[in-house]
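Residue numbers (UniProt numbering): 1 to 281.
This is the structure in C-alpha cells:
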C-alpha cells in the first residue's frame, strides 16, 4: 500500500472523528461551545495531514499526476482550508458535521480509485502554466465550496419556513440546522464565495489564453474543457448580475450555482471520470 493511500485513509478517519465531535453533542442535545477551540486547531492538523496525502500522490519533480478521484480530494482540501480561514472570523462550527463527512468521502475516493496509467500526467515546464494551474484549482474549489454553501442555505431557508415543535426532543437534523449561522449571514458568505470563485475563474480564463497563445498560437484551445469553462463563466456572470440588479437569492441562486458548478465538473472531473472509469483511456 502506497504512502499517499495510507495518508488518505488517516485523513478520512480524522475527518469522521471531527464530524463525530459535532454529532455527539447534537445527539445528546448539548451545546457545541465546549472544545470549540480544540476542534478549530484539530482541523488545521487534519488539513496538514490531508495536504501531505495530496502532495505525495500528485506532485513530482517535473510533472503532476491527476485522476478524477484525486482532483476531488484536492478540491476538498482547498475547500476545507478556505473554510478554516473563514471560521476564524465567523462561527461556523456546526458546518463541521456535513463538511467533515463530505471530506472523508472525498479522501476515500482516492483510496478506492488510486492513480493508474490512465491518469492525467501534466508536464509543468513553465511558470505561467504553473500559475494558470494553481488559479484554476482554486477557482474550482471556491465554486465547489459555494455550491455546498448554496445547498446548506437552501436547506436552512426551507427549514425556517416550515413549522416545528421546539422542544428538547427535536430530531438531530433540526438541531443541526438550528445550530447554523443566521440565514442572512449564510447568504453573505455564499455570494462572497461566488464572487471570489468568479474572479479566480476569470483569471483562469485569462492565463489559459496566455498559455494557449504562447504554446499553440491560438487565443483559446478548441476542446471541451474550454467550452464548459466559458459556459460556466457566463452562468456565474449572469448569476452575479441577477444578484446585483434583481436581488436574486434562495432557490434562484441555488439553481444557477448548481448549473455553473455542473459545467465546471464537466470541464475536468466529469470528463476524466468518463475516460478513466468508463472508456478506460
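By construction, the Cβ of each residue, glycine as well, lies at the ideal position given by its N, Cα and C atoms.
When rounded, the separation of the alpha-carbon atoms in residue 134 and residue 58 is 13 Å. Comparing alpha-carbon positions, the option among 199, 214 and 203 lying closest to residue 240 turns out to be 199. Proximity of the segment 77 to 93 to the segment 133 to 150 meets the contact definition, three or more beta-carbon pairs being nearer than 8 Å.
Between residue 154 and residue 263, the C-beta spacing is not below 7 Å. Secondary structure note for residue 251: its alpha helix (DSSP H) is the uninterrupted segment 250 to 267.
Leaving aside the five residues that flank residue 113 on each side, the residues in its chain whose CB is nearer than 6 Å to its CB run, in chain order, 69. The beta-bridge partner set that DSSP reports for residue 59 consists of 64. Closest in C-alpha terms to residue 190, from the list 248, 223 and 66, comes 248. Rounded to whole angstroms, the separation of the alpha carbons of residue 194 and residue 256 is 11 Å. At the C-beta level, residue 209 and residue 218 stay beyond 7 Å of one another.
Nearest Cα to residue 152 within the set 25, 94 and 29: 94. Residue 228 is classed as buried because its beta carbon has at least 16 other beta carbons within 10 Å across all chains shown. At a Cβ-Cβ threshold of 7 Å, residue 197 and residue 146 count as neighbours. CA-CA distance, residue 46 to residue 103, rounds to 11 Å. The Cβ atoms of residue 21 and residue 49 do not sit closer than 7 Å to each other. Residue 100 is positioned such that its CB atom lies no closer than 7 Å to that of residue 9. About 10 Å separates the beta carbons of residue 38 and residue 18, which is beyond the 8 Å limit, so they are not a contact pair. Sequence-distant partners of residue 53 (beyond 5 residues in either direction) whose C-beta falls short of 6 Å from its own C-beta, in its chain, are 4, 7, 8 and 11. Here residue 187 is buried, its C-beta having at least 16 other C-beta atoms within 10 Å.
In its chain, beyond the 5 residues on either side, 25 have a beta carbon closer than 8 Å to the beta carbon of residue 31. DSSP, read as helix, strand or coil, puts residue 88 in coil.
The beta carbon of residue 110 sits closer than 6 Å to the beta carbons of 8, 69, 70 and 73 from its chain, once the five residues preceding and following it are set aside; these are given in chain order.
By the neighbour-count criterion, in which a residue is buried when 16 or more other Cβ atoms sit within 10 angstroms of its Cβ, residue 148 is buried.
With a cutoff of 7 Å on beta-carbon distance, residue 260 and residue 237 are scored as not near each other.
Nearest in C-alpha terms to residue 182, of all of 156, 203 and 205, is 156. For residue 15, the secondary structure class from DSSP, reduced to helix, strand or coil, is helix.
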